[in-house]
Amino acid sequence: MTTQTMLSMLGQGMLVSLQIFFWTLVGSLPLGMLVAFGRLSRFKPLTWLVRAYISIMRGTPLMLQLFVVYFGPYYLLGLETGSNYRFTATLIAFILNYAAYFAEIYRSGIESIPHGQREAANVLGYSRSQTFIKIILPQVIKRVTPAITNEVITLVKDTSLAFAIGVTEMFTQAKAIAASQHSMEAFVLAAAFYYVFNAIVAFAMERIEKRMAYYHE
Amino acid sequence: MTTQTMLSMLGQGMLVSLQIFFWTLVGSLPLGMLVAFGRLSRFKPLTWLVRAYISIMRGTPLMLQLFVVYFGPYYLLGLETGSNYRFTATLIAFILNYAAYFAEIYRSGIESIPHGQREAANVLGYSRSQTFIKIILPQVIKRVTPAITNEVITLVKDTSLAFAIGVTEMFTQAKAIAASQHSMEAFVLAAAFYYVFNAIVAFAMERIEKRMAYYHE
Amino acid sequence: GSTSNSNSSSDSSSDGLTTPGTFAVGFDQDFPPYGYVGDDGSFTGFDLELAVEVCNRRGWTIKYVPIDWDAKDMELDSGAIDCIWNGFTINGREDDYTWTEPYMDNSQVVVVKSTSGIESLADLKGKIVMTQADSAALTLLQGDQADLAATFSSLETIPEYDTAFMELEQGSVDAVAIDLPVANYEISESPDAYTILSEHLSEEQYGVGFKLGNTTLRDEVQTTLVEMSEDGFVKSLCEKYADQGISYEQFLLGK
Amino acid sequence: MSENAPAGTPQPTSAASAGRAATGTDVPVLQIAGAVKSFGGTEVLHGIDLTVNRGEVVGIIGPSGSGKSTILRCATLLERLDRGSLCYDGDYLATAGQDGTSSYRDAKTLRAARSKFGLVFQNFNLFPHYTVWKNITDAPLHVQGRDRDEVERVAQDLIRKMGLDGRERAVPCELSGGQQQRVSIARALALNPHILFFDEPTSALDPELTGEILKVIRDLAAEHMTMVIVTHEMAFARDVADRIAFMDGGVIVEEGDARQVVDNPRRERTKTFLGKFTDGA
Amino acid sequence: MSENAPAGTPQPTSAASAGRAATGTDVPVLQIAGAVKSFGGTEVLHGIDLTVNRGEVVGIIGPSGSGKSTILRCATLLERLDRGSLCYDGDYLATAGQDGTSSYRDAKTLRAARSKFGLVFQNFNLFPHYTVWKNITDAPLHVQGRDRDEVERVAQDLIRKMGLDGRERAVPCELSGGQQQRVSIARALALNPHILFFDEPTSALDPELTGEILKVIRDLAAEHMTMVIVTHEMAFARDVADRIAFMDGGVIVEEGDARQVVDNPRRERTKTFLGKFTDGA
Ligand SMILES: Nc1ncnc2c1ncn2[C@@H]1O[C@H](COP(=O)(O)OP(=O)(O)OP(=O)(O)O)[C@@H](O)[C@H]1O
Ligand SMILES: Nc1ncnc2c1ncn2[C@@H]1O[C@H](COP(=O)(O)OP(=O)(O)OP(=O)(O)O)[C@@H](O)[C@H]1O
Ligand SMILES: [Mg+2]
Ligand SMILES: [Mg+2]
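Which chain is which? The protein sequence lines are C, Y, P, F and S, in order. With our numbering, the residue at position 93 of the first sequence is 825, and numbering never jumps. With our numbering, the residue at position 84 of the second sequence is 816, and numbering never jumps. With our numbering, the residue at position 53 of the third sequence is 184, and numbering never jumps. With our numbering, the residue at position 165 of the fourth sequence is 291, and numbering never jumps. With our numbering, the residue at position 87 of the fifth sequence is 213, and numbering never jumps.
Have a look at this one:
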């Protein structure tokens, strides 16, 4: 196998990894916020439900969650899902899992904003939604960015778990090449890919953090 | 296979998982502190070295790190390591990996202690080491405990990666049972095990946090 | 049985074993009926029982080493295992290991749902076929049978055959390409629901793979295997595994 | 500062006077009657009556924990009274029932009523992510929905008046404590409130800045801004306030003309408090 | 407070007098000469001379940024002088070379010298994880290596003196600001320093507490504790200090008898500063 073939195979896998990465973020970042609201709600049964959801998502392996989402509809509900469901299931499981992690980050961020900010907005007449969107949220986003960065970097590596239900992302490709070529070369390349991908993510997040560094406290 | 056999197999796997978990913590929690010192050192070359170490450990998959530690001595140095090295290698890789994560947590914790604490100790005549051990460290520990908890919970699940170099921990046992028994039962049990294990860890860490909650700020 | 060779273990280096007196067998523990976890929770399987008997006869201690299939070459090269013995297909890997002579015939087959209407390989046109990552079937479909694979709608891979059958059952794939005995094992619970296409993908052989150049150990194992076949041990073992799809007719050595 | 604060009739207070014309000069701006407030079973206000007339400056003094902040928080709807009534410009926001229990008007009415008063917090509570400009203009634009040109004119005036020229694009963390304080006053004034509450406006400032901020408040008083000021600066309270209420343990112990209360307190408790104070500094 | 602070000769100051006897009464406790200090190229102190004699209380006043904290930080070895000398009880910790550049003694000598002075920080800097008791006793026991019985006696005395009885087992976050302040004074005194530095001891406190802490300092002064106090409380500075130094822009603009400097400042700058102050409050 030429290095070029190898790179092109890894590239294909990379594309899948990137897609999982991208859609997971697109889905779980906002979903996590909704979950955080549920967690902070004053309606107790909702709070319990959300706590259970978060604790299960964080307490069990993502791989099992992939199995449940992918095979659950058939084995539990008797639905035929068709083969396009494979990638969809991956995204659903990843989004549900990451939303739980993000929700906890958001929650702690929201709780960390001094109460005085809400009071000031209240006295100035801002509505509840205005207060949240204009006053609280921007400050929360600034505060949680470092924690989000950590999760996002974990996500880069977690994409490799998608192979549990047959989605051949980059690491799987690397393994396949390494096996057929009896060489570690592909693994090393895969590691380099991850490393660079992570570096890019870290760099991007740092830019975002810098952007928000125009104020502090 | 009887449920009892299954449970006993899973129990054996759990024991391995627990050992990895335990020794990784025993090794990486203190090592992380040393790494954090290196990261904060005023001797620049050391700082760069430590930064590179941290960035590689966090930027590449743990599975590859396991391969490198386990097979590296043979491939890179031509050493025959013997099969007892399997578990040792697992521990080395896990400890090196987690030490990098803990180091970053410690570092941010150390940096977050108000400078006035050092100054007060300085004026009172505390030596550098007294200042660190008696004044700074206890406060750092309190501050970083939540972040440590997150990593510890991740570690519970990460133990399953040890099978990459043939250490059959619990999740691997579950897969083996599932393969021979054509049933997902073992997986569900494994998930329950993880969940309970996580719950115990979370509970223990919460106790520790409560212990330290006798003061705040 | 003949255990007359046991004295040779005293000179360990001539055995080619990494650890004197210990025969470390690397295998995929999720690969029934060759190597898997038995109902009693210990490792068992046709190949593992053969390996145990070889050890008995050579005076070695067997060491089961379940490995991550991704790491099998590194495990072997680094000496962590002495051989890969696990329904290990020679074809396509001839030059990568030092092989025993083929000890068993195997076929790569295609399993479909009985209700699928697929009866021949040609019917797989436009279908989704799944196989295990880094399996002989995959090597085949990317090599000698690449033309056939080109007619599939897609060729998917998955880490475990077990999961592949779940996929087949729930209908997200149309067929699974797999080793014949493994197929037999997988469908043994509900044999009517699945059909093994009578047209095979290939005929091939299993061997025991050793590190390139380790002919000493290979020769010892091979000689013992022939002995075991000659004195009827293998035959009775095949009968034991008959309901899991293994028959003595497939066995090649010592006949 | 002083150069930038003309003693004329600038934007915010003129709007306040418009309010005055509309509601009639006799009605007090703020009327609190029988205010009782508990936190978790502990009664913190034991029945406070407080009336503030248009153009009047009322100082509230008293020891720590006496309930000064609490009464301001109740007046600004940050806390709800348990008993008693609350009334701005003759409009009741909370009425006391038969048994004294307060019942508040609906949320919409309360929201609308918030434009009647402004509160300057002890620790400012500026929005850290907004520039000075946005801190001042955002609520007038997006809460009151006022015309952009008009709001910008008012903001410009306030910025000049508060000596913040050139700092419009700064964010709070780039400002000194005194400047933050003035931004928070400008933010409150930008809504054209009828009454302004201050909670210890000088406690976070050093003495030189304290001097400046007291000057700002004095200027506002000179422009007949109605104000209620919780303060520890006795000299200032006496100087700027028309009337002083001395609180202790959740009641108003003594209330009266500013100079009289500070210089010749009638009650024993007031005397002790002021004695300690003048003794200390 | 006042009941608990007998005017006798309690533990810490008696130790200070022991020090006095040892070094002779003529030698000043603190001598700073020609102190120059820059931060990143900006010179913040432009040559400060400051001598403090035994039993003397020196007040340092001046506007924000004038270098008051910096001189205290240099005196307490938290910052190193660029030029000039620093001397305690006649022992030079830093000497000025030919060109004025300071050269410090070795680390061990400097460490030992730290027991000569105590510093009470503006924001206290108590150790939050230590109880009051441990905050006070830890350094005497484990830095000075003193006898446990003796240290406990001293600590007990200080706790009584500071009105902290019954709070020994509390951690700082359970204390009021004033109590924290007093713990930090007790912590400094427990080391039997020859001189005590205060950086704005009242700025974090409310006026009633301010009164209390000023009382504590006055009591220490009455016991002839040598002290240098940076403060904004002019009345207090005049009252408690023997001598006042007015700093502005990194130099001591005026220095002299406390009452004279506050009531009849000679320099224009001092007049403006004090004018602003008395005008404000
Ligand atoms: N949200 C609250 N929950 C419980 N108790 C409270 C709350 N807010 C205030 N209190 C209590 O009410 C009493 C009055 O507090 P308040 O803040 O009004 O005093 P204050 O006069 O403003 O004091 P200071 O001068 O220290 O600001 C205090 O005993 C305080 O502990
Ligand atoms: N570590 C530092 N790095 C840079 N500049 C500093 C540092 N410490 C102090 N400065 C600067 O030195 C000058 C004097 O500061 P200092 O804190 O001594 O003033 P101060 O008189 O104590 O003021 P305040 O009354 O506000 O406490 C200021 O301009 C300050 O910005
Ligand atoms: Mg208050
Ligand atoms: Mg200062």
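Note that beta-carbon positions come from the ideal geometry of N, C-alpha and C, so glycine has one too.
Of the listed residues the options, nearest to residue i (C-alpha basis)
i      : options                           : result
F:N261 : C:A853, C:R860, C:V876 and C:T877 : C:A853
P:D340 : P:G157, P:F283 and P:E330         : The question names Asp, yet the displayed sequence has Gly at residue 340 of chain P. Here the closest residue by C-alpha is P:G157.
C:P846 : C:K907, C:L828, C:P793 and C:Q871 : C:Q871
P:T192 : P:D161, P:D208, P:A202 and P:T150 : P:T150
Y:T877 : Y:M902, Y:L761 and Y:Y802         : Y:L761
F:G216 : F:D232, F:L207, F:L204 and F:A239 : F:A239
P:E300 : P:V313, P:L311, P:E317 and P:T288 : P:E317
P:S245 : P:A306, P:Y379, P:E351 and P:N187 : P:A306
F:Q157 : F:F165, F:D175, F:F399 and F:T168 : F:D175
F:S310 : F:T357, F:G244, F:A363 and F:R369 : F:G244
P:V313 : P:D146, P:K256, P:D178 and P:D171 : P:D178
Y:E836 : Y:P805, Y:Y802, Y:S787 and Y:S861 : Y:S787
P:V352 : P:R224, P:I198 and P:T229         : P:T229
Y:N816 : P:G169, P:A155 and P:S333         : P:A155
C:I885 : C:F919, C:E938 and C:T904         : C:E938
F:Q386 : F:G376, F:R369, F:F399 and F:D374 : F:R369
S:R180 : S:V277, S:E278 and S:K242         : S:K242
Listed by chain order, chain P residues near residue i by CB distance under 9 Å
i      : result
Y:T900 : Q160 and P197
C:T904 : A264, T288 and P290
Chain-ordered chain Y contacts of residue i [CB-CB under 9 Å]
i      : result
S:F324 : None at all; the shortest Cβ gap to chain Y is about 13 Å.
Proximal chain Y residues relative to residue i, where beta-carbon distance stays under 7 Å
i      : result
C:G791 : Y926, Y927, N930 and A931
C:S859 : Per Cβ cutoff of 7 Å: no residues; C:S859 is ~33 Å from chain Y at best.
C:S892 : P793
Amino acids of chain C, ordered along the chain, whose beta-carbon sits closer than 8 Å to that of residue i
i      : result
Y:A923 : T792, P793 and L796
Listed by chain order, chain Y residues near residue i by CB distance under 8 Å
i      : result
C:F919 : L796 and F799
S:R240 : N854, V855, L856 and G857
P:S245 : Within 8 Å Cβ-Cβ: nothing; P:S245 doesn't reach chain Y, min ~17 Å.
Enclosing beta strand (DSSP E) for residue i [first to last residue]
i      : result
P:P197 : T192 to P197
P:G166 : G166 to V168
P:K342 : It is not in any beta strand (DSSP E) - P:K342 carries neither H nor E in the DSSP assignment.
P:F219 : First-last for P:F219: undefined, no H or E at that position.
F:I355 : T352 to V356
Terminal residues of the alpha helix (DSSP H) in which residue i lies
i      : result
S:R369 : Counting along the chain, S:R369 falls outside any alpha helix (DSSP H), though it belongs to the beta strand (DSSP E) covering R369 to D374.
P:F364 : F364 to K371
F:I378 : Premise fails: F:I378 lies in the beta strand (DSSP E), V377 to D383, not in any alpha helix (DSSP H).
P:A324 : No alpha helix (DSSP H) holds P:A324; DSSP gives it neither H nor E.
P:V352 : T346 to E361
P:Y117 : Any question about residue 117 of chain P goes unanswered here, given that chain P covers just 132 to 386.
F:K234 : A233 to A239
P:K203 : K203 to D208
Chain C residues whose Cβ lies nearer than 9 Å to that of residue i
i      : result
Y:I885 : R790 and G791
Proximal chain S residues relative to residue i, where beta-carbon distance stays under 7 Å
i      : result
Y:G841 : Simply none; closest approach about 14 Å.
Beta-carbon neighbours of residue i, restricted to chain F and to distances below 7 Å
i      : result
C:P870 : H255
In chain order, each beta strand (DSSP E) run of at least 3 residues that lies wholly inside the segment 254 to 340 of chain S: Segments of the beta strand (DSSP E) lying fully in the segment 254 to 340 of chain S: 321 to 325.
For ligand 3, which residues have a Cβ under 7 Å from at least one heavy atom, in chain order? Spelled out in chain order, the answer is F:K194, F:S195, F:Q248, F:D325, F:E326 and F:V356.
Those runs of the alpha helix (DSSP H) which lie wholly inside the segment 246 to 292 of chain P and span at least 4 residues: Runs found: 267 to 273 and 277 to 282.
Fully enclosed by the segment 786 to 871 of chain Y, which alpha helix (DSSP H) runs are 4 residues long or longer? As far as the segment 786 to 871 of chain Y is concerned, its whole alpha helix (DSSP H) runs of at least 4 residues are 794 to 809, 817 to 844 and 847 to 855.
Counting only runs of 3+ residues fully inside the segment 161 to 222 of chain S, write out the beta strand (DSSP E) ranges in chain order. With a minimum length of 3 residues, the continuous beta strand (DSSP E) runs that stay inside the segment 161 to 222 of chain S are 168 to 178, 183 to 187, 209 to 214 and 217 to 222.
Identify every run of the alpha helix (DSSP H) within the segment 864 to 944 of chain C, keeping only runs that are complete inside it and at least 4 residues long; order them along the chain. Secondary structure in the segment 864 to 944 of chain C: the alpha helix (DSSP H) runs of 4 residues or longer, each lying completely within the stretch, are 869 to 890, 902 to 913 and 917 to 943 in chain order.
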